[in-house]
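**Student:** Mapping of the sequence shown onto full-length UniProt numbering: position 338 corresponds to residue 338, and the numbering continues sequentially without gaps. Ideal placement from N, C-alpha and C gives every residue a C-beta, glycine not left out.
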Amino acid sequence: MCHHHTNDAGAPSASNNTVWRPDDNAQPTPARPGSSEIYRPDILETIEAKIKELDSELRELSLDIHAHPELGFEEYHAHDVYTAFLEKHGFEVTRKYHLPTAWKATFTHGTGGRTIGVNSEMDALKGIGHACGHNLIGISGVAVSLAIRAALEKHNIPGKIVLLGTPAEEGGSGKVILLEKGAYQGMDACLMCHPAPGPIGSVSLSSCLALQRVTVEYRGHTAHAALSPWEGKNALDAAVLGYNNISALRQQLRPTHRVHGIFEGKDWAPNIIPDYAKFICYVRAPTRAEMQATVKRVTPCFEAAALATGCEATITLEKGSTFDLRQNLALGGEVANIVLNKYGAIDYEWGIKSASTDFGNITYALPSLHPGFAIPTIVDGGNHTPGFTQSAATIAAHNACLDMSKALAATGVRVILDDGFFAKVQQTFKEDELERGAL
Numbered sequence: 001m002c003h004h005h006t007n008d009a010g011a012p013s014a015s016n017n018t019v020w021r022p023d024d025n026a027q028p029t030p031a032r033p034g035s036s037e038i039y040r041p042d043i044l045e046t047i048e049a050k051i052k053e054l055d056s057e058l059r060e061l062s063l064d065i066h067a068h069p070e071l072g073f074e075e076y077h078a079h080d081v082y083t084a085f086l087e088k089h090g091f092e093v094t095r096k097y098h099l100p101t102a103w104k105a106t107f108t109h110g111t112g113g114r115t116i117g118v119n120s121e122m123d124a125l126k127g128i129g130h131a132c133g134h135n136l137i138g139i140s141g142v143a144v145s146l147a148i149r150a151a152l153e154k155h156n157i158p159g160k161i162v163l164l165g166t167p168a169e170e171g172g173s174g175k176v177i178l179l180e181k182g183a184y185q186g187m188d189a190c191l192m193c194h195p196a197p198g199p200i201g202s203v204s205l206s207s208c209l210a211l212q213r214v215t216v217e218y219r220g221h222t223a224h225a226a227l228s229p230w231e232g233k234n235a236l237d238a239a240v241l242g243y244n245n246i247s248a249l250r251q252q253l254r255p256t257h258r259v260h261g262i263f264e265g266k267d268w269a270p271n272i273i274p275d276y277a278k279f280i281c282y283v284r285a286p287t288r289a290e291m292q293a294t295v296k297r298v299t300p301c302f303e304a305a306a307l308a309t310g311c312e313a314t315i316t317l318e319k320g321s322t323f324d325l326r327q328n329l330a331l332g333g334e335v336a337n338i339v340l341n342k343y344g345a346i347d348y349e350w351g352i353k354s355a356s357t358d359f360g361n362i363t364y365a366l367p368s369l370h371p372g373f374a375i376p377t378i379v380d381g382g383n384h385t386p387g388f389t390q391s392a393a394t395i396a397a398h399n400a401c402l403d404m405s406k407a408l409a410a411t412g413v414r415v416i417l418d419d420g421f422f423a424k425v426q427q428t429f430k431e432d433e434l435e436r437g438a439l
């Protein structure tokens with residue numbers, strides 16, 4: 001892992017060219033107009049006071065998770081630490097909720113009222129730890145939930161909070177599994193956030209790419225590679241041709257679409273024609289519909305490679321495809337208004353715009369919001385790099401996470417309290433559903 005000196009604020013120092021992307025002069029895209037008024041400033045004050053009170057506890061929790069990175073579906077330490085923390089703070093906790101490392105923490109005040117959902121991610125990346133900042137996402141879910149609870153209690157608002165600990169966002173589609181198992185039933189809206197490079201102090205309301213994982217298995221026939229190669233059918237050649245076919249196709253794909261992958265084999269040796277090769281491929285596009293259309297164009301690339309080499313191809317569209325983020329316009333507008341008035345800038349260009357998340361599927365199922373928040377990064381140190389692992393532990397990233405959490409908590413309280421606002425949340429969800437196509 002790279003080591004960099006830090007300044008007093010905990011962010012990588014200027015001597016290491018601290019930037020949020022290679023173009024140091026880039027600015028946030030212009031904010032869309034917001035109101036100068038904040039809904040119920042007294043509620044926001046309660047939220048801010050609660051998060052300030054929890055600051056050191058949340059920091060300790062974040063660093064604990066950061067220091068114990070775990071891969072998807074193996075987040076046992078995170079599961080135990082989060083559930084113990086929430087039980088200590090008076091939430092009703094369900095451990096091993098539908099999945100061995102998933103969990104649910106709920107709090108109800110009064111009777112009736114709406115239910116706000118919140119998500120905390122937990123998993124890290126192989127070899128580079130918390131290089132996607134899930135330690136920050138995790139504590140944000142906790143901060144949002146505890147802050148909403150404080151507001152419900154102090155202002156006597158009936159309602160319910162459901163915080164889900166969601167495993168395996170990195171390639172395991174944990175939220176898709178939880179959605180199918182009914183974990184999101186009963187939520188009126190769901191909130192979470194994600195760190196990314198960006199102009200410091202900015203919150204991003206961009207979408208992300210829908211993603212389909214495709215696995216292709218090529219089966220051929222072994223032969224001695226020098227003595228009698230004509231007896232063989234080369235599965236490695238098939239995989240290479242499939243890869244090259246996609247490279248040729250990519251010229252005719254939209255620049256916003258992504259197709260990328262690797263191939264691997266077993267029992268390979270230079271003097272044996274390989275009889276097996278596996279191609280693991282990701283197809284991404286700005287919307288679910290575009291992604292599905294591009295999958296149809298990519299599939300013949302694999303079939304043609306099998307035909308050319310005399311191999312057989314088994315093409316599997318893996319379960320758990322993830323969708324683009326349908327950022328709910330009403331929820332996003334509320335977060336934007338709070339951020340613009342209190343904490344920083346709003347951005348519609350960066351965040352996780354060209355990445356993918358299983359939360360996209362949640363945004364298709366119910367009104368939801370998944371803003372990005374900018375944390376200081378080093379050159380070439382964006383998400384999924386060792387540099388981002390370091391950035392995710394800085395105090396500057398922690399502070400940005402808590403500001404983001406305040407805006408989300410205030411938005412969540414308004415969902416519970418304000419009938420007119422919630423009607424608008426539902427209306428914008430239905431309008432967007434018509435535009436993008438319902439599930």
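Give the secondary structure of F279 by DSSP, where H, G and I count as helix, E and B as strand, and everything else as coil.
**Tutor:** If DSSP states are grouped into helix, strand and coil, F279 belongs with the strands.
**Student:** I need the DSSP call for I378, collapsed to helix, strand or coil.
**Tutor:** Here DSSP, grouped into helix, strand and coil, assigns I378 to coil.
**Student:** Taking the alpha carbon of T101 as the reference point, which residue from Y76, T316, G159 and L241 has its own alpha carbon closest?
**Tutor:** For T101, the nearest C-alpha among the options comes from Y76.
**Student:** Among residues of its own chain, excluding the 5 on either side of H89, which ones have a beta-carbon nearer than 7 Å to its beta-carbon?
**Tutor:** L146.
**Student:** Once DSSP output is grouped into helix, strand and coil, what is the label at A423?
**Tutor:** helix
**Student:** Under a three-way DSSP split, which group does K254 fall into?
**Tutor:** Note that residue 254 corresponds to Arg in the displayed sequence, not to Lys. The answer is coil: DSSP assigns R254 none of H, G, I, E or B.
**Student:** Can you check DSSP and say which residues form a bridge with I161?
**Tutor:** Among the bridge pairs identified by DSSP, I161 is matched with F107 and I116.
**Student:** Looking at the structure shown, is S206 part of a helix, part of a strand, or coil, going by DSSP?
**Tutor:** coil
**Student:** Specify the secondary structure class of E75 as computed by DSSP and reduced to three states.
**Tutor:** coil
**Student:** Since P376 and A355 should fall inside the 8 Å C-beta cutoff, what is the C-beta to C-beta distance between them, to a whole number of angstroms?
**Tutor:** Actually they do not touch by this definition, with Cβ atoms about 19 Å apart.
**Student:** Leaving out five residues on either side along the sequence, give the residues of the same chain with a beta carbon under 6 Å from the beta carbon of A168.
**Tutor:** G72, F73, D123 and G174
**Student:** Can you tell me which residues form a DSSP beta bridge with G261?
**Tutor:** C281
**Student:** How many Å lie between I346 and A210 at the Cα?
**Tutor:** Using only the alpha carbons, I get a separation of about 23 Å.
**Student:** Output needed for I232: all residues of its chain with C-beta closer than 7 Å, excluding positions within five of it in sequence on either side, in chain order.
**Tutor:** Checking the sequence shown, residue 232 turns out to be Gly, not Ile. G220, H221, T222, A223 and I273, listed in sequence order.
**Student:** For A410, which residues of its own chain have a beta-carbon under 7 Å away from its beta-carbon, when the five flanking residues on both sides are left out?
**Tutor:** Correct list, in chain order: I43, L44, I47 and I338.
**Student:** If you measure between the beta carbons of C281 and Y218, is that distance less than 7 Å?
**Tutor:** no
**Student:** Taking only the alpha-carbon atoms, compute the straight-line gap between D24 and E349 and give it to the nearest angstrom.
**Tutor:** Note that D24 has pLDDT 44, beneath the 50 cutoff, so the model's placement of it is unreliable and no number is given.
**Student:** Can you find the residues in the same chain that come closer than 8 Å, C-beta to C-beta, to V295, ignoring five residues on each side of it along the sequence?
**Tutor:** Q212, V214, V283 and L317
**Student:** Per DSSP, P195 forms a beta bridge with which residues?
**Tutor:** For P195, the pairing in a beta bridge is given by DSSP as F373.
**Student:** Within 10 angstroms of the Cβ of G138, are there 16 or more other Cβ atoms? Answer buried if so, exposed if not.
**Tutor:** Answer is buried; the Cβ neighbour count reaches 16.
**Student:** Buried or exposed for Q427, please, with buried defined as at least 16 other CB atoms from any protein chain shown within 10 angstroms of its CB.
**Tutor:** exposed
**Student:** For L205, count the other beta carbons within 10 Å of its own beta carbon; 16 or more makes it buried, fewer makes it exposed. Which is it?
**Tutor:** buried
**Student:** By the three-class DSSP mapping on this structure, what secondary structure does Y218 have?
**Tutor:** The answer is strand: DSSP assigns Y218 an E or B state.
**Student:** On the CB-based measure, 16 or more other CB atoms within 10 Å of its CB, does K181 come out buried or exposed?
**Tutor:** exposed
**Student:** In the DSSP output, which residue or residues are listed as bridge partners for I315?
**Tutor:** V216
**Student:** Using a 10 Å radius around the Cβ and a threshold of 16 neighbouring Cβ atoms, would you call P229 buried or exposed?
**Tutor:** exposed
**Student:** Out of curiosity, what's the CA-to-CA distance linking H130 and H109?
**Tutor:** Looking at the backbone, the Cα of H130 and that of H109 are separated by about 34 Å.
**Student:** State the beta-bridge partners of L211 as determined by DSSP.
**Tutor:** Note: L211 is bridge-paired with R284 and T322 in the DSSP secondary-structure output.
**Student:** Spatial neighbours of K126 within its chain, please: CB distance less than 8 Å, with the 5 preceding and 5 following residues excluded, ordered by chain position.
**Tutor:** L71
**Student:** Can you tell me whether DSSP reads G186 as helix, strand or coil?
**Tutor:** G186 carries a coil assignment under DSSP once its states are collapsed to helix, strand and coil.
**Student:** Please state if the CB of P386 and the CB of I128 are separated by a distance shorter than 7 Å.
**Tutor:** yes
**Student:** Closer than 6 Å to a non-hydrogen atom of the ligand FMN - does that hold for the CB of S120?
**Tutor:** The ligand FMN is absent from the structure shown, which contains no ligands of any kind.
**Student:** Take I200 as the anchor and find which of L58, D403, D324 and E290 has the nearest alpha-carbon.
**Tutor:** D403
**Student:** Would you check if the segment 188-195 and the segment 246-260 touch, i.e. whether three or more CB-CB distances between them fall below 8 Å?
**Tutor:** no
**Student:** Who are the Cβ neighbours of Y343 in its own chain at under 6 Å, not counting the five residues just before and after it?
**Tutor:** D403
**Student:** Quick one: grab the DSSP three-state call for E290.
**Tutor:** helix
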